[in-house]
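Comments concern the structure below.
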Amino acid sequence: MGKFPESGILVEAEEFDDFGGWVLDSQFDLEMGSPYLLAHGNGRPVTDATTVISIPEAAKYNVWVRAKDWVPGHHPGRFTLAVNGNTLSAVFGANDQDWSWQFGGNMELPLGEIKLALHDLTGFCGRCDAIFFSRDDVAPPQATDEAARAWRRKLRGLPQDPVSMGTFDLVVIGGGVPGVAAALTAARLGERVALVHDRPYLGGNASVEIGLRPRGVTGPLIDELSQRKPDGDLYASQLLDAEANATVFLEHAVYNVVQRNSTIISVDARHARSGREVRLAAPIFIDCSGRAIVGLLSGAETLFGQESQSEYGEKLAPADGNSMHHGNTVFFRTRMARSPVAFPHVPWATEVAKDFSDLGGQLTKPGIENGPGPAVAPSFVSEPNVPRRMTRPLTHFWEYGQWLDPYTQGEHIRDFLLRAIYGTFSNIKTMDPCTYANLEFDWVAYVPAQGEFRRYKGDYVLTENDIRNHKRFHDAVVQNEGAFCLHYPGDKKYDFRLKWWEWDERDGKPYDIPFRCLYSVNVSNLMMAGKHMSATHVASSNTKFMGNGGQHAIATAAAAHLCKKYSTTPRGVHETHLSELQRIVATITGTDCSYPRSHL
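Residue numbers (our numbering): 915 to 1514.
What follows is the structure, encoded as structure tokens:
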């Protein structure tokens, strides 16, 4: 493992006994190397995160803290570390560096238990990954490669190889609406299914962490799983808990696949809190992550960005293809308090927001977006010739990252949007202090809603023309509906706002999805459902709706059932058992997609 410390005490922030007001942020593990604690207080310092550890030998220890200064030069995420009530002099998150181990000094520690406390100084997203106590002068590894992970596993007493969880009939990756639909369908068809999801709540963009409502074709199953409890959480977890055939692995991120030639044997997933790594084997896998993560790990062929008009003859496509994709959105909600509420000076945020002063486009509550918000005219109008529709209070107008890599720059994309929101909030309170003296944040998400960016390539690629012309497919399995919903970035002044939004309702009628769009062209036992199904960028702007993705999921789960029944692959189901697949799916969705149809 190179010149890494051979011994020491590694304290992972995600294993603290009490998070206090900090939250566990695990969404960028594959990007920056670990889950971490986030002081997400929207400008109000959060309560301390605390834990108790055991010191095996009284001695002088060097103290290292892995943190990030997320806006260098401004240091909005500052925090300190206290040991047994004694605060180290070092301030973390203020060294102008990205994720790095910062030396915090040395101190005498007694034998036995000591208490650690992370103390937030700002309320603006201070972040701590881990603390390391060492008796030698070798710094912890700054890299986030496999060698660094092996070093962490060793110090945490974790096995170096994933622990087998056994073999399932089906493994579903991603617990959004499509993933839950796939798992429920498979379980109800009698298959032993594992659902692997990297968040603590099911639902993806519809979860209580984000709050969108499913659009497109919903149907009985999607309506059932997307009902909300009083706290906004979906009933999805309750439904899966009731299925004896379903095993749910929450807060587990898939990071590796084991393959034999073009066949996936198993996937490896890491638990956010414990660091435990597990291996799940199955004959069939369905990727519902929305990120095509299994495809990237397995070498499946994928599509990225916008295709040119000439490639598929799509009128909504650009003349020249490019790498632009849909971006991410951070949801938020404000309210008026009963008395004035102070808000800190945030130059690091207003340098992003500039003079933007329109907080429209709020999440009113989970399931109800596009809510109005405070605005101070006229500076909220982005350009003199902006179309009237672009000034509407639509949630998705807050969008960023369309030209960035969501796999390696996801944290930056989220942070940039937070700066835009905080800066706009500050502008409104500053521009009209009398009206908005009592304005405060009710809630700001730290998990962004993700748009479409990478799609699988299947045996068939669905196009805009297929949808517009209602092309008949011999292997149609489900129907989708909705408008073409294309987001275009590039507002000249406010780069966190859309420049243009295409909402083309075409004829409004449902259209068919062929089964060939739901399995990989080159990985024999991999299917996909949701916004990364096999479609062009334009077509996927319609198929991406969560209700639509749920329909894909039902079809893929039914296909997995037939794969087991006949010991075949998804392509084998298409070639030999298509009519049976269509019958099974029709009984679940209530829509017969086989031809001929009496209504055509």
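Using N, Cα and C, we set each Cβ at its ideal position, and we do this for glycine too.
Continuous beta strand (DSSP E) stretch holding residue i: start and end
{"i": "Lys1029", "result": "Gly1026 to Asp1034"}
{"i": "Asp1418", "result": "Trp1414 to Asp1418"}
{"i": "Asp1137", "result": "Segment Gly1133 to Leu1139 is the alpha helix (DSSP H) holding Asp1137; no beta strand (DSSP E) there."}
{"i": "His954", "result": "Tyr950 to His954"}
{"i": "Val1358", "result": "Leu1353 to Val1358"}
{"i": "Met1250", "result": "Phe1246 to Met1250"}
{"i": "Ser1014", "result": "Ser1014 to Leu1023"}
Boundaries of the alpha helix (DSSP H) in which residue i is found, first to last residue
{"i": "Asn1341", "result": "Gly1324 to Met1345"}
{"i": "Ser968", "result": "Run containing Ser968: none in the alpha helix (DSSP H); it sits in the beta strand (DSSP E), Ala963 to Ile969."}
{"i": "Ala1469", "result": "Met1460 to Tyr1480"}
{"i": "Asn1505", "result": "Note that residue 1505 is Thr in the sequence shown here, rather than Asn. Neither: Thr1505 is in no alpha helix (DSSP H) and is coded neither H nor E."}
{"i": "Asn1379", "result": "Glu1378 to Arg1382"}
{"i": "Gly1486", "result": "Pro1484 to Thr1490"}
{"i": "Leu1154", "result": "Ala1150 to Asp1155"}
Chain B within 7 Å of residue i, Cβ atoms only
{"i": "Glu1366", "result": "Chain labels in this structure do not include chain B; a single protein chain is all it has."}
Between the CA atoms of residue j and residue i - distance to the nearest angstrom
{"i": "Ala1267", "j": "Val985", "result": "14 Å"}
{"i": "Tyr1480", "j": "Lys1385", "result": "30 Å"}
{"i": "Lys917", "j": "Ala1061", "result": "11 Å"}
{"i": "Tyr1321", "j": "Phe930", "result": "27 Å"}
{"i": "Gly1504", "j": "Gly1133", "result": "8 Å"}
{"i": "Leu1103", "j": "Gly1486", "result": "19 Å"}
{"i": "Arg1205", "j": "His1185", "result": "19 Å"}
{"i": "Ala1100", "j": "Asp1050", "result": "53 Å"}
{"i": "Arg1249", "j": "Asn1352", "result": "8 Å"}
{"i": "Glu1228", "j": "Asn1379", "result": "6 Å"}
{"i": "Cys1507", "j": "Ser1455", "result": "22 Å"}
{"i": "Thr1305", "j": "Lys1068", "result": "54 Å"}
{"i": "Ser1014", "j": "Leu1308", "result": "38 Å"}
{"i": "Met1442", "j": "Arg1142", "result": "26 Å"}
{"i": "Pro1076", "j": "Gln1393", "result": "39 Å"}
{"i": "Arg1369", "j": "Trp1312", "result": "23 Å"}
{"i": "Gly1007", "j": "Glu1022", "result": "24 Å"}
{"i": "Tyr950", "j": "Pro919", "result": "21 Å"}
{"i": "Arg1497", "j": "His1491", "result": "10 Å"}
{"i": "Arg1041", "j": "Asp1012", "result": "11 Å"}
{"i": "Ala1196", "j": "Arg1106", "result": "10 Å"}
{"i": "His1451", "j": "Asp1319", "result": "16 Å"}
{"i": "Ala927", "j": "Lys1478", "result": "42 Å"}
{"i": "Gly1080", "j": "Thr1177", "result": "18 Å"}
{"i": "Pro1510", "j": "Glu1494", "result": "15 Å"}
{"i": "His954", "j": "Ser1078", "result": "36 Å"}
Which residues DSSP lists as bridging residue i, in chain order
{"i": "Gln1173", "result": "Ile1178"}
{"i": "Ala1289", "result": "Asp1272"}
{"i": "Asn1284", "result": "Partner(s): none; Asn1284 has no beta bridge."}
{"i": "Ile923", "result": "Phe1047"}
{"i": "Pro1428", "result": "Ala1390"}
{"i": "Ala1167", "result": "Arg1184"}
{"i": "Gln1316", "result": "Partner(s): none; Gln1316 has no beta bridge."}
{"i": "Val977", "result": "Gly1019 and Phe1047"}
Proximity below 7 Å, CB of residue i to CB of residue j
{"i": "Trp1122", "j": "Gly1146", "result": "The displayed chain sequence assigns Val, not Trp, to residue 1122. Their beta carbons are under 7 Å apart, which means Val1122 touches Gly1146 by this criterion."}
{"i": "Ala1004", "j": "Gly1018", "result": "yes"}
{"i": "Ala1108", "j": "Leu1194", "result": "yes"}
{"i": "Ala1467", "j": "Val1499", "result": "no"}
{"i": "Thr964", "j": "Arg992", "result": "no"}
{"i": "Val1255", "j": "Glu1138", "result": "no"}
{"i": "Ala1453", "j": "Thr1501", "result": "no"}
{"i": "Ala1214", "j": "Gln1223", "result": "no"}
{"i": "Ile1200", "j": "Val1086", "result": "yes"}
{"i": "Gly1117", "j": "Leu1148", "result": "yes"}
{"i": "Asn1242", "j": "Gly1315", "result": "yes"}
{"i": "Val1260", "j": "Met1345", "result": "no"}
{"i": "Val966", "j": "Lys1029", "result": "yes"}
{"i": "Gly1365", "j": "Ile1136", "result": "no"}
{"i": "Val1168", "j": "Ile1179", "result": "no"}
{"i": "Val1244", "j": "Asn956", "result": "no"}
{"i": "Gly1337", "j": "Ala1263", "result": "yes"}
{"i": "His1488", "j": "Asp1389", "result": "yes"}
{"i": "Gly1219", "j": "His1239", "result": "yes"}
{"i": "Leu1164", "j": "Pro1114", "result": "yes"}
{"i": "Ala1469", "j": "Leu1432", "result": "yes"}
{"i": "Arg1129", "j": "Gly1281", "result": "no"}
{"i": "Leu924", "j": "Phe1046", "result": "yes"}
{"i": "Asn1009", "j": "Asp1043", "result": "no"}
{"i": "Lys1371", "j": "Ser1448", "result": "yes"}
### Query
What are the start and end residues of each continuous alpha helix (DSSP H) run of 4 or more residues lying completely inside the segment 1183-1241, in chain order?
1207-1212 and 1223-1226
### Query
What are the start and end residues of each continuous beta strand (DSSP E) run of 3 or more residues lying completely inside the segment 1035-1110, in chain order?
1038-1048, 1077-1081, 1084-1087 and 1107-1110
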